[in-house]
Amino acid sequence: MHNKKYNNRFCLLPKRIIYVLMTLVVHANFGRANGLEFRNVKEDFHLYSLLAASDTVAKYDIVVYGATPGGIMSAIAASKTGGESGFKVLLISPDAHIGGMTASGLGWTDIGNPAIIGGLAREFYHQIYKYYQKDASWKSGTLNSYRKKLYGIYKLKDSLMWTFEPHVAEKVFESMLSDAAVTVVKSVALDRRQKPDKQKGYNGQMSRLGSIRMDNGQVYKAKLFIDASYEGDLMALAGISFAVGREANANYKETINGVEKKLSIKNNLPRGISPYRMAGNPKSGLLHGIETSIKKMDGERDDLLQAYCYRMCLTNDSANRIRVKKPKGYQRDDFELLIRAAKLGEKRMWKVSPLPNSKIDANNDCGISMDAIGWNKGYLTASYKARLHIAKRHRYWTLGFIWTVQNDLDIPQDVRASFSRWGLPKDEFKDNGHFPYALYVREARRMVSDYVMSEKDVLAANAPHGIAMGAYTMDSHNTQRYISDKGDVQNEGDVQIAVPIPYPIPYDVIIPKMNESENILVPVCLSATHIAYGSIRMEPVFMALGEAAGIAATLALKNDLPVQNVPYDRLENALLKAGQVLSLPKGVN
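Residues in the sequence shown are numbered consecutively from 1, following UniProt numbering.
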């Protein structure tokens, strides 16, 4: 009787509130069960309660989905350039924290040539520079002592600083958004099960997106949308064509796309490592994550993604250091490849790229390192719950890898001693166990538009309608491990080919085909092949592309145009006025 009475009362609740409560229970239970702190439940309850009790439809002129660096700059640019027209701009962050990878451990900025970075991106790195000019910003060491650790393009000059702590990056982003009066909603993700709200566009086809519904039931209507997520979820929902994985070389007349065993020289394993649980015994079974062979030839397409990882922020300051503990569910067999590689002389383990205050950006650095090769299978099509499980597995790999390097007695003593000085910083990611918020989704969906940027565009550096520039190596991390013809384990997928000069990135690659959508811009999961995207996909370039998308959005709305018809000369003038770099400055090598 009690249960029946309770159920009757529960059924009297509005469906919206029931949905909110169920969502919170699922989020809280899944997080507790898996040791994840992916959202602030108190914040969610407050936000969801407000939305459940109010009108569930909100209207904006421009909605930016994804508070990545690209999304942040899109929103700021749209707010600044559309301000005089009274445009309302909304930035939606699926996460509780903004800033994407730049605020989640990627503090040693991947950049090919600092001269190509202008506009809002340059302002961001200038604000970083200004922050570290203050004595109060230094808790461990000084600016002068840190300056001596920097080299090459990372040396402090031109009042710019390319290296920083994660919490400082988030603070600067928050300040820039506040100064631009951008409305930000956090901890709300796109409901990927919804039927897209397609409406008639300028061409009479159903090519306009009218609104999006979030996972809490809130609906946002807008005249124009910008998908700045790393995954391209909004783009996919809208029915825009996209590619996943590696194209065949023949598709776009490329030479370094597709399967690439011969090019996988760097970041590979020492020769001679047995792939079997009991070394040399096939009957014992394969170690985790190893394929028996690669059946495809070099240059053929596949649907594999380059490896994801966490860009760990670590410190050797004993006053600020927390020792890494063995993760729950630790299985030594999962790290047997690491142990065997170390015994054969692998000593690098992870990069030790210096950040301020005795911290480092510990990126992948060898054939078995921070990258969890092959562990991202199914990530794109997975539900949010399943994505969180994949992220949790990457977290397990990362902490287990660090613990093994530092503690397993089969790791040579000199390697253990070298890396045991690093631990988690007490003053970073305080609400997430001092572990980075964001999984490094290096590559996900890539839009397929009328113009697909390819290897030749990167090498020839002559694409039309430039809105930003790229300069980084055509770079792909490994995608898989396999048994080689020699019977040992090797990695496949690592490609590192330098580009001769900085190259333009055209406006054409952030606009979809007009018959698919005329009011969506895609500055992150843009239209490029796997190998071209490998050069483009750097955070400062995403910032530049995001700013260009924000400016293009306001031009489209002001002139009542589909995004495909924005006059390039007007866009170019607006970008140059904003300080964007669209061609290599004179005298720059």
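We put the CB at the ideal spot given by N, CA and C, even for glycine.
On a predicted model such as this, the values are computed, not experimentally measured, just so you know.
Would DSSP call K171 helix, strand or coil? It is helical.
For P356, count neighbouring Cβ atoms within 10 angstroms of its own Cβ and tell me buried if that reaches 16, exposed if not. buried
Quick check on the DSSP output: the beta strand (DSSP E) that includes P506 runs from which residue to which? Y503 to P506
Residue range of the beta strand (DSSP E) that includes I231: A small correction: the amino acid at residue 231 is Glu; Ile does not occupy that position in the sequence shown. Neither: E231 is in no beta strand (DSSP E) and is coded neither H nor E.
Since N478 is in the alpha helix (DSSP H), which residue starts that stretch and which ends it? It is not in any alpha helix (DSSP H) - N478 carries neither H nor E in the DSSP assignment.
Look at the alpha carbon of P94 and the alpha carbon of D414, and state the distance between them as a whole number of angstroms. 43 angstroms
Is V64 helix, strand or coil when you go by DSSP? Of the three classes helix, strand and coil, the one that applies to V64 here is strand, per DSSP.
Using three-state DSSP, classify E84 as helix, strand or coil. Helix, per DSSP.
Around the C-beta of Y151, are 16 or more other C-beta atoms found within 10 angstroms, so that it is buried, or is it exposed? exposed
Scan the region 194 to 271 and note each continuous beta strand (DSSP E) run of 3 residues or more that stays entirely inside, going in chain order. Positions of the beta strand (DSSP E) runs, each at least 3 residues long and wholly inside the region 194 to 271, are given as 211 to 213 and 219 to 227 in order along the chain.
For H167 and N376, what's the separation of their Cα atoms in angstroms? 27 angstroms
Please state whether DSSP places I117 in a helix, a strand or coil. Here I117 sits in coil by DSSP.
By the 10 Å Cβ neighbour count, where 16 or more other Cβ atoms means buried, how is N478 classified, buried or exposed? buried
Should L545 and P523 be called a contact, given that it needs their Cβ atoms to be closer than 8 angstroms? Result yes, Cβ atoms of L545 and P523 sit closer than 8 angstroms.
Quick one: what does DSSP say Y440 is sitting in, helix, strand or coil? Under the three-state reduction of DSSP output, Y440 falls in the strand class.
So the beta strand (DSSP E) A468 belongs to, where does it begin and stop? It spans G466 to G470 - the beta strand (DSSP E) in which A468 sits, taken as one unbroken run.
Using DSSP's beta-bridge definition, name the partner residues of Q490. Y482
Could you have a look at I153 and say whether DSSP puts it in helix, strand or coil? Residue state, collapsed to three classes: helix.
When you compare the CB positions of G210 and Q199, do they come within less than 8 angstroms of one another, or not? In contact: G210 and Q199 (Cβ atoms closer than 8 angstroms).
Tell me whether Y276 sits in a helix, a strand or coil according to DSSP, three-state version. strand
DSSP state of E346 mapped onto helix, strand, coil: coil
Rounded distance between the beta-carbons of E428 and R537, thought under 8 angstroms: Not really, about 24 angstroms apart at Cβ, beyond 8 angstroms.
Residues that T163 bridges to, as DSSP identifies them: T163 is bridged by DSSP to W108.
Does N364 come out as helix, strand or coil in the three-state DSSP assignment? strand
When you compare the CB positions of I520 and M161, do they come within less than 8 angstroms of one another, or not? The answer is no: Cβ separation not under 8 angstroms.
Alpha-carbon spacing of V541 relative to K155, whole angstroms: 19 angstroms
By Cβ distance, which residues of its chain are closer than 6 angstroms to E547, with the 5 residues on each side in sequence left out? Excluding its 5 nearest sequence neighbours in each direction, E547 has C-beta neighbours in its own chain below 6 angstroms: M73, A77, G119 and L120, listed in chain order.
Tell me the rounded alpha-carbon separation between T381 and A372. 19 angstroms
First and last residue of the uninterrupted beta strand (DSSP E) at residue 591: In the structure as shown, the chain begins at 1 and stops at 589. Residue 591 is therefore absent and cannot be evaluated.
If we call anything under 8 angstroms between Cβ atoms a contact, is Y507 one with G470? Going by C-beta atoms, Y507 is not nearer than 8 angstroms to G470.
Does DSSP classify M543 as helix, strand or coil? When secondary structure is reduced to three states using DSSP, M543 falls in the helix class.
Among A552, I483 and Y252, which one has its Cα closest to the Cα of Y276? I483
Drop a sphere of 10 angstroms on the beta-carbon of M278, count the other beta-carbons inside from all chains shown, and report buried for 16 or more, exposed for fewer. exposed
Counting only runs of 4+ residues fully inside the region 402 to 443, write out the alpha helix (DSSP H) ranges in chain order. Those alpha helix (DSSP H) runs which fall completely within the region 402 to 443 and span 4+ residues are 413 to 419.
Take the Cβ of N29 as the centre, count every other Cβ of all protein chains shown within 10 Å, and call the residue buried at 16 or more, exposed below. Because the pLDDT of N29 is 43, which lies under 50, any placement of that residue in the model is unreliable, and the question is left without a value.
Pick helix, strand or coil for M447, following the three-state DSSP scheme. Three-state result, M447: strand.
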